[in-house]
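For the sequence shown, this note's numbering gives the first residue as 643, with consecutive numbering after it. Quick reminder that beta carbons are idealized off the backbone N, C-alpha and C, glycines included.
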Amino acid sequence: MLSLRTRLIVIFIITLIISWVMGLAFSAVTGWMSAVICLAILLVHQLWHASKLTQLLLSPSYGEVPGALGIWGEIYYRLHKLVKGWRDQVVEVEQQHQRFIEAIQASPNGVVMLNEDDQIEWCNAIAGKHFGINPRRDAMQRITHILRKPAFVQYIVRQNYREPVKLTGMGDFEQFSLEVQIFPYGDKQKLVLSQDISQIEKSDAMRRDFVANVSHELKTPLTVLAGFLETVRELDLNQDDRDKYLEMMSVQTGRMKTLVEDLLTLAKLEGNPEPPVSQVVNMPNMLSRLKLDAEGLSQGQHQINFQSQTDKNILGDDMELYSAFGNLVSNAVRYTPEGGKIDILWQETKDGIQLCVSDTGPGIAAEHIPRLTERFYRVDRSRSRETGGTGLGMAIVKHVINRHHGELKIESTVGLGSRFYLLFPKQRIA
Ligand SMILES: Nc1ncnc2c1ncn2[C@@H]1O[C@H](COP(=O)(O)OP(=O)(O)OP(=O)(O)O)[C@@H](O)[C@H]1O
Ligand SMILES: [Mg+2]
């Protein structure tokens, strides 16, 4: 393939040869005329393609590159290759940009890009939700015009971005608690990152409540105990009174012991891996243990009836199930007044196998039922305390049944009684 320059020289030499031959064949004037005509044709050809090329370069989109013979064909071909290379590069950069945007959109954190005047250049969808920004409507708006929380305005004005700032009540429904931090970058631009910490705040609040509840629950028996100790030490009591006080002190220490035991059980349930599905729980044995406990607790004050409609056992953890079943049975006994009836039924259903504990006690109002499994939740605090309850029993039941992939169902009518079901799925039947 000849180079462009060589081709030009060849064309020029051919023109000279044609003119020379014409000059020899006819006359010198014809020769000169031929040379002028050839050069004129060449010039027009060059000018026509030059103007076409100018048009092509001026058009906003490099459309199809025209085909041509000779030098111009070569030029167009090279131009075409160049344009194609650029186009491929642009497509690749666009794809990279798109992937980058998609990655930022997929981030669980909000991202807002600000220019040097703190105007919003871009934000992802999460930031839109966190700050109530509409990416189209609010583009190039100052962020402080949209995010007017004083804590944030002060944060941005102070220009000390080493620590994040906490903003509460954010979002359209004030549902977010956010941790927001600014990172300066580039030429005085800023990146605003927001993280939803609502869940962390919630568990922090739960932890604080829990500690407060535990302290409160321990404080009451401790205060009573301290009072009795004082009495026993200060007063000159006879043996009967002394025994009475010691008995009351032992009740209080018993309460504290139960509370600590329940707390340890809950901690174990939360921290340990799920119980194995290979362990068979002997239900006849479990039911007879529960029966003994119920009768011991009732002291003959209730009519207690245990019934087993199936001889099937379940797979799970014996200790955990004993504490869950035991709590339902002890609740039934403790909350049902004297003379009441308590039925404990072990039966197979179409969905699995279940333990049903029903009583003719006071019943539970509908608004309390969803909250029964909260730690320390008691419908009637004084009644529960009277019977030695800590309010952790149903929380333990809920944990145990969840760990066995079962379900807790509560039905109750105030004044008539309650019915608690612990339903285990078919896979748990041994
Ligand atoms: N069978 C029932 N009849 C009426 N109320 C009940 C019954 N079972 C539970 N409750 C109510 O639900 C509350 C929560 O029960 P839960 O077993 O969690 O706590 P508790 O029995 O008070 O204490 P704990 O079980 O830790 O000794 C009880 O305080 C009581 O008000
Ligand atoms: Mg209980």
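Exercise. Distance, Cα to Cα, Lys1051 vs Ile956?
Worked result: Reading the sequence shown from its first residue, position 409 is the one you call residue 1051. Reading the sequence shown from its first residue, position 314 is the one you call residue 956. Cα to Cα, the separation comes out at about 18 Å.
For this session: Reducing DSSP to helix, strand and coil, say where Val754 ends up.
Result: Residue numbering aside, residue 754 sits at position 112 when the sequence shown is read from its first letter. Of the three classes helix, strand and coil, the one that applies to Val754 here is strand, per DSSP.
Problem set entry | Minimum C-alpha distance to Ser892 - residue among Asp904, Leu871, Ile984 and His1041 | Taking the sequence shown and counting its residues from 1, the one referred to as residue 892 is at position 250. If we check each option's Cα against that of Ser892, Leu871 comes out closest.
Exercise. In three-state terms, what does DSSP make of Ser836?
Worked result: Translated into positions along the sequence shown, residue 836 becomes position 194. Ser836: strand per DSSP, three-state reduction.
Exercise. By a C-beta neighbour count over all protein chains shown, 10 Å radius and 16 as the cutoff for buried, is Thr1032 buried or exposed?
Worked result: Residue 1032 sits at position 390 when you count from the first residue of the sequence shown. When all chains shown are included, Thr1032 counts as buried.
Exercise. Does DSSP classify Gly811 as helix, strand or coil?
Worked result: The count along the sequence shown starts at 1 and reaches residue 811 at position 169. Looking at Gly811 - three-state DSSP - the assignment turns out to be strand.
Exercise. Going by the beta-carbon positions, is the gap between Gly752 and Ser819 smaller than 8 Å?
Worked result: Here residue 752 corresponds to residue number 110 of the sequence shown, with the count starting at 1. Here residue 819 corresponds to residue number 177 of the sequence shown, with the count starting at 1. Not closer than 8 Å, so no.
Problem set entry | Run of the alpha helix (DSSP H) containing Gln1081, from where it starts to where it stops | The structure shown does not extend to residue 1081, since the chain spans only 643 to 1072, so no value can be given for it.
Exercise. Apart from the five residues on each side of it in sequence, which residues of its chain come closer than 7 Å, Cβ to Cβ, to Glu716?
Worked result: Within the sequence shown, residue 716 is the residue found at index 74, counting from 1. Same-chain partners within the cutoff: Leu646.
Exercise. Looking only at DSSP bridge pairs, what is Tyr1063 linked to?
Worked result: Position 421 of the sequence shown, counting from 1, holds the residue named residue 1063. Tyr1063 is bridged to Cys998 and Lys1051.
Problem set entry | Ile1087 versus Met928 - alpha carbon distance | Absent from the model: residue 1087. The displayed extent of the chain is 643 to 1072, so no value can be given.
Exercise. Got a sec? Which residues, its chain only, sit under 8 Å from Lys1074 by beta carbon, not counting five neighbours each side?
Worked result: Residue 1074 lies beyond the range of the chain shown here (643 to 1072); nothing can be said about it.
Exercise. Just curious, the beta strand (DSSP E) that Gln949 is in, first and last residue?
Worked result: As a first step, residue 949 is located in the sequence shown; it is residue number 307 there, counting from the start. Note, Gln949: beta strand (DSSP E), Gln945 to Ser950.
Problem set entry | Contacting residues, own chain, Cβ-Cβ under 7 Å from Tyr718 (five flanking each side not counted) | Counting from one through the sequence shown, the residue named residue 718 turns up at place 76. For Tyr718, where only same-chain residues beyond five positions count, the Cβ hits under 7 Å are Val707, Pro708, Gly709 and Ala710.
Exercise. How is Asp985 classed by DSSP in three states: helix, strand or coil?
Worked result: Indexing the sequence shown from 1 puts residue 985 at position 343. Three-state result, Asp985: strand.
Problem set entry | Per-residue DSSP class, three states only, for Phe825 | Here residue 825 corresponds to residue number 183 of the sequence shown, with the count starting at 1. In the three-state DSSP reduction, Phe825 falls in the strand class (E or B).
Exercise. Are Gln761 and Gln783 close, meaning C-beta to C-beta below 8 Å?
Worked result: The residue you call residue 761 lines up with position 119 of the sequence shown. The residue you call residue 783 lines up with position 141 of the sequence shown. Against a cut-off of 8 Å, the Cβ pair of Gln783 and Gln761 comes out as a contact.
Problem set entry | DSSP-derived helix/strand/coil call for Phe818 | Sequence index remark: in the sequence shown, residue 818 carries index 176 (1-based). Strand.
For this session: Return the first residue and the last residue of the beta strand (DSSP E) that Ile762 is part of.
Result: As a working note, residue 762 is residue 120 in the sequence shown. Counting along the chain, the beta strand (DSSP E) containing Ile762 begins and ends at Ile762 to Cys765.
Exercise. Between Ser1000 and Asp985, is the Cβ-Cβ spacing less than 8 Å?
Worked result: Taking the first residue of the sequence shown as 1, we reach residue 1000 at position 358. Taking the first residue of the sequence shown as 1, we reach residue 985 at position 343. Between Ser1000 and Asp985, the gap from beta carbon to beta carbon is short of 8 Å.
For this session: Alpha carbon to alpha carbon, how far is Lys726 from Gly811? Give it in angstroms, no decimals.
Result: Position 169 of the sequence shown, counted from the start, is the residue given in the question as residue 811. Position 84 of the sequence shown, counted from the start, is the residue given in the question as residue 726. Looking at the two C-alpha atoms, the distance is approximately 53 Å.
For this session: Classify Arg1076 as buried or exposed, calling it buried when 16 or more other Cβ atoms lie within 10 Å of its own Cβ.
Result: Given a span of 643 to 1072 for the chain in the structure shown, any question on residue 1076 remains unanswerable.
For this session: Go through its chain and collect everything with a Cβ distance to Gly1035's Cβ below 6 Å, but skip five positions before and after it.
Result: Locating residue 1035 in the sequence shown gives position 393, counting from the first residue. Hits under 6 Å: Asn969.
Exercise. On the three-state DSSP scale, how would you describe Ala957?
Worked result: Translated into the one-based positions of the sequence shown, residue 957 becomes position 315. Note that residue 957 is Leu in the sequence shown, not Ala. Note: Leu957 maps to strand in three-state DSSP.
Exercise. Curious, which full-length alpha helix (DSSP H) runs of at least 4 residues does the segment 771 to 803 contain?
Worked result: 785 to 788 and 792 to 800
Problem set entry | One or two residues paired with Glu903 in a DSSP bridge | One-based indexing of the sequence shown puts residue 903 at position 261. The partner list for Glu903 (beta bridge, DSSP) is empty, contrary to what the question assumes.
For this session: Evaluate Pro917 with the Cβ neighbour count: other Cβ atoms within 10 Å of its Cβ, from every protein chain shown; 16 or more gives buried, anything less gives exposed.
Result: Residue mapping note: residue 917 aligns to position 275 of the sequence shown, counting from 1. That one is buried.
Exercise. Does the distance from the C-beta atom of Gly774 to that of Asp814 stay below 8 Å?
Worked result: Here residue 774 refers to the residue found at position 132 of the sequence shown. Here residue 814 refers to the residue found at position 172 of the sequence shown. Yes, Cβ-Cβ distance for Gly774 and Asp814 is below 8 Å.
Problem set entry | Alpha-carbon spacing of Leu695 relative to Arg778, whole angstroms | For this step, residue 695 is matched to residue 53 along the sequence shown. For this step, residue 778 is matched to residue 136 along the sequence shown. If you take the alpha carbons of Leu695 and Arg778, they lie about 40 Å apart.
Exercise. Considering only the beta carbon of each residue, do Met809 and Lys791 sit closer than 8 Å?
Worked result: Locating residue 809 in the sequence shown gives position 167, where the first residue counts as 1. Locating residue 791 in the sequence shown gives position 149, where the first residue counts as 1. It should be noted that the sequence gives Leu, not Met, for residue 809. Closer than 8 Å, so yes.
Exercise. If you draw a straight line from the C-alpha of Glu1074 to the C-alpha of Val853, how long is it?
Worked result: For residue 1074 there is no data in the structure shown, the boundaries of the chain being 643 and 1072.
Exercise. Any heavy atom of ligand 1 closer than 7 Å to the Cβ of Leu879?
Worked result: The residue given as residue 879 occupies position 237 in the sequence shown. Not under cutoff, so the answer is no.
For this session: Say yes only if the C-beta of Asn969 is nearer than 7 Å to one or more non-hydrogen atoms of ligand 2, and no if none qualify.
Result: On the sequence shown, residue 969 is found 327 positions in, with the first residue counted as 1. It does: the Cβ of Asn969 is within 7 Å (strictly closer) of some heavy atom of ligand 2.
Exercise. Leu1064 and Ala966: beta carbons closer than 8 Å?
Worked result: The count along the sequence shown starts at 1 and reaches residue 1064 at position 422. The count along the sequence shown starts at 1 and reaches residue 966 at position 324. Against a cut-off of 8 Å, the Cβ pair of Ala966 and Leu1064 comes out as a contact.
For this session: Helix, strand or coil for Glu872, going by three-state DSSP, please let me know.
Result: Locating residue 872 in the sequence shown gives position 230, where the first residue counts as 1. In the structure shown, Glu872 sits in a helix (DSSP, three-state: H, G or I).
Problem set entry | Residues of its chain near Trp662, where Cβ-Cβ distance is below 7 Å and the 5 sequence neighbours each way are ignored | What you label residue 662 is simply residue 20 of the sequence shown in a count that begins at 1. Counting only Cβ-Cβ distances below 7 Å, and skipping sequence neighbours, we find Gly673.
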